Every structure is written in C-alpha cells, then in structure tokens.
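1 is the number of the first residue of the sequence shown in UniProt numbering; add one for each residue after it.
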Amino acid sequence: MSHKQRVAELVEEAEKIQACTKVLVHAATVIGNMAENLQILGENTEETQKSIDRWKDVFLPQDNVETRVEEIASQKRKVAFCDAPKSSSARRRSVELEEETNVVGK
Numbered sequence: 001m002s003h004k005q006r007v008a009e010l011v012e013e014a015e016k017i018q019a020c021t022k023v024l025v026h027a028a029t030v031i032g033n034m035a036e037n038l039q040i041l042g043e044n045t046e047e048t049q050k051s052i053d054r055w056k057d058v059f060l061p062q063d064n065v066e067t068r069v070e071e072i073a074s075q076k077r078k079v080a081f082c083d084a085p086k087s088s089s090a091r092r093r094s095v096e097l098e099e100e101t102n103v104v105g106k
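Spelled out as structure tokens, the structure:
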C-alpha cells in the first residue's frame with residue numbers, strides 16, 4: 001500500500017470520527033436541554049436523573065461509536081416504517097429492511 005493510499009484511508013477514518021463526534025455533541029446538548037426542561041417542570045430529581053442516565057446510555061455508549069451510530073440509524077429507519085401507514089407494499093418493505101438490518105448486524 002502506498003503512502004498516498006494510507007493517508008487517504010486515515011483521512012477517511014478521521015472524517016468518520018468527526019461525523020460521529022458531531023452526533024455525540026448534539027446528543028449531549030439534547031440531554032442537557034432535556035435535563036433543564038425536566039427540572040423546570042418540577043419533575044422528581046430521581047426521575048430526572050434516571051431519564052438523563054437512560055439517554056446517556058443510548059447516545060454515549062462505551063462500545064464502538066461508529067457501530068452504535070449505525071445501530072441508532074437502523075432503529076430510526078425501522079421506526080419510520082412502523083409509523084408509516086401500512087399498505088401491503090410498506091409492510092413488505094418494512095420486513096425486507098428489518099431482514100437486511102439483521103443480516104448486516106450478524
């Protein structure tokens with residue numbers, strides 16, 4: 001592998017990491033806003049902390065960030081199909097998408 005190819009691969013990896021970081025920063029902002037809103041609304045402090053912890057677990061995992069971002073995107077695609085009106089073709093496509101996701105995840 002040439003030096004130029006290796007540099008190109010490293011740049012591509014850095015861009016992926018940067019994109020994931022942007023997602024995580026946005027998620028942290030959302031978590032902060034949620035916490036403020038819950039406290040303003042007078043929610044129980046314990047419940048507020050549970051909600052914050054739950055969202056941290058969703059958006060700030062300890063495992064591979066790139067894999068987790070793809071899992072979240074996959075879940076969003078599934079939800080979009082689940083919320084859509086269920087014509088027979090939409091149901092079929094939803095099942096196909098779920099099967100594709102399951103195969104990719106293995």
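Just so it is clear, CB atoms sit at the ideal spot from N, CA and C, and this is done for glycine as well.
What you are looking at is a predicted structure, and each value in this text was computed from that prediction instead of being measured.
Exposed unless 16 or more other CB atoms sit within 10 angstroms - verdict on residue i
i	result
I31	buried
Spatial neighbours of residue i in its chain, beta-carbon cut-off 7 Å, leaving aside the 5 residues before and after
i	result
D83	Its pLDDT being 49, under 50, D83 is placed unreliably in this model, and the value from its coordinates should be taken loosely. There are no such residues.
S51	M34, L38
M1	none
8 Å Cβ shell around residue i - same chain, five flanking residues per side excluded
i	result
E47	L38
Neighbourhood of residue i by C-beta, 6 Å cutoff - its chain only, sequence neighbours within 5 removed
i	result
W55	I31
* Does the stretch 15-25 come within contact of the stretch 33-42, defined as at least 3 CB pairs closer than 8 Å? -> As far as the Cβ criterion goes, the stretch 15-25 does not touch the stretch 33-42, which means the pair count is below three.
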